[in-house]
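Undergrad: Have a look at this one before I ask anything.
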Amino acid sequence: MTAPDEAAGESRPADAPSTNGSPAVGRERRASDGPPPVIRPAAPEDLAAIMAIERASFPTDAWSEPMMADELSGAHGHYLVAERGGEVIGYGGLRALAGASDGDIQTIALAAAARGAGLGRSLLRALIAEADARRVREVFLEVRADNDAARTLYASEGFEEIGTRPHYYQPDDVDAIVMKIDVPRWRRRDTVGSGASA
Ligand SMILES: CC(C)(COP(=O)(O)OP(=O)(O)OC[C@H]1O[C@@H](n2cnc3c(N)ncnc32)[C@H](O)[C@@H]1OP(=O)(O)O)[C@@H](O)C(=O)NCCC(=O)NCCS
2 MTAPDEAAGE SRPADAPSTN GSPAVGRERR ASDGPPPVIR PAAPEDLAAI
52 MAIERASFPT DAWSEPMMAD ELSGAHGHYL VAERGGEVIG YGGLRALAGA
102 SDGDIQTIAL AAAARGAGLG RSLLRALIAE ADARRVREVF LEVRADNDAA
152 RTLYASEGFE EIGTRPHYYQ PDDVDAIVMK IDVPRWRRRD TVGSGASA
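Under the numbering used here, the first residue of the sequence shown is numbered 2, with each subsequent residue one higher.
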């Protein structure tokens, strides 16, 4: 995923790949326990819970707490958390400068127990919808080449692979796949049958 400051060399690792990138054949959808999750804007008080998920999800190169705090409070960012029963179980962030026609999905991660139940897609869609509300037309992201779960999610939502950044993720020496989505096209696809148009 995109680093807050690429010059700082931060990068996103992957969770354990479980398929070869094809659309989750044979993967069982996990039933979610407890009350339904709620997605809401992140608040500064969420930092500790977000960092716990960040460190568990990205053991080799988690963002530092000050970096994450900057992201949460940044003027150009839009961070969301997923919460269940008052507990933060995931987060995701968009960066889009005011008036810009493009933006970036900065990060998205769920607590391990919350994965595989559709919440990642919900967070991703909420971030793209925010980009759309900001009149962003293209959203980019970077994903580890070996992160099949994330790549499959992004592709199924309409992101297209547009390039590779060799050896981008260090120290693991894994390439980054750069992906892009056309936001108005995504909106049209998302609203098929509802009569809405771009
Ligand atoms: C990547 C991540 C956010 C996906 O969230 P999730 O809630 O587990 O995913 P969802 O249940 O919403 O699944 C959405 C789609 O993703 C794909 N997917 C999810 N898990 C997958 C897996 N283990 N293998 C293959 N495809 C998978 C499928 O296309 C799925 O659609 P489907 O259920 O209709 O088949 C989550 O797995 C995670 O937090 N991983 C660790 C952190 C990380 O790698 N973040 C991404 C950095 S770029």
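Note that beta-carbon positions come from the ideal geometry of N, C-alpha and C, so glycine has one too.
At a threshold of 8 Å, does PHE160 count as lining ligand 1 (C-beta to nearest heavy atom)?
TA: Here residue 160 refers to the residue found at position 159 when the sequence shown is read from its first residue. Checking the Cβ of PHE160 against ligand 1 gives no.
Undergrad: Looking at C-alpha atoms only, which residue of GLU143, GLY94, GLY117 is the closest neighbour of ALA132?
TA: Mapped onto the sequence shown, residue 132 falls at position 131. The option with the nearest alpha carbon to ALA132 is GLY94.
Undergrad: Rounded to a whole number of angstroms, what is the C-alpha to C-alpha distance between ALA110 and PHE141?
TA: Translated into positions along the sequence shown, residue 110 becomes position 109. Translated into positions along the sequence shown, residue 141 becomes position 140. Whole-angstrom Cα-Cα distance: 17 Å.
Undergrad: What runs of the beta strand (DSSP E), each 3 residues or longer, lie entirely inside the region 110-146?
TA: 139-145
Undergrad: Give the range of the alpha helix (DSSP H) segment to which ALA49 is assigned.
TA: The residue given as residue 49 occupies position 48 in the sequence shown. First-last of the alpha helix (DSSP H) with ALA49: 48-58.
Undergrad: By Cβ distance, which residues of its chain are closer than 6 Å to PHE160, with the 5 residues on each side in sequence left out?
TA: In the sequence shown, residue 160 corresponds to position 159, counting from 1. Same-chain partners within the cutoff: MET180, ILE182.
Undergrad: Let me know the secondary structure DSSP gives ASP149 once reduced to three states.
TA: Taking the first residue of the sequence shown as 1, we reach residue 149 at position 148. Correct three-state label for ASP149: helix.
Undergrad: Could you give the C-beta distance for LEU120 and ALA83, rounded to a whole number, given that I count them as a contact under 8 Å?
TA: Numbered from 1 along the sequence shown, position 119 holds the residue referred to as residue 120. Numbered from 1 along the sequence shown, position 82 holds the residue referred to as residue 83. The Cβ separation is near 5 Å, so the contact holds.
Undergrad: Can you tell me the Cβ-Cβ gap for GLU139 and ILE178, rounded? I've got them flagged as a contact below 8 Å.
TA: Residue 139 sits at position 138 when you count from the first residue of the sequence shown. Residue 178 sits at position 177 when you count from the first residue of the sequence shown. Not really, about 16 Å apart at Cβ, beyond 8 Å.
Undergrad: Return the first residue and the last residue of the alpha helix (DSSP H) that LEU73 is part of.
TA: Working through the sequence shown from its first residue, we reach residue 73 at position 72. 66-74 is the extent of the alpha helix (DSSP H) around LEU73.
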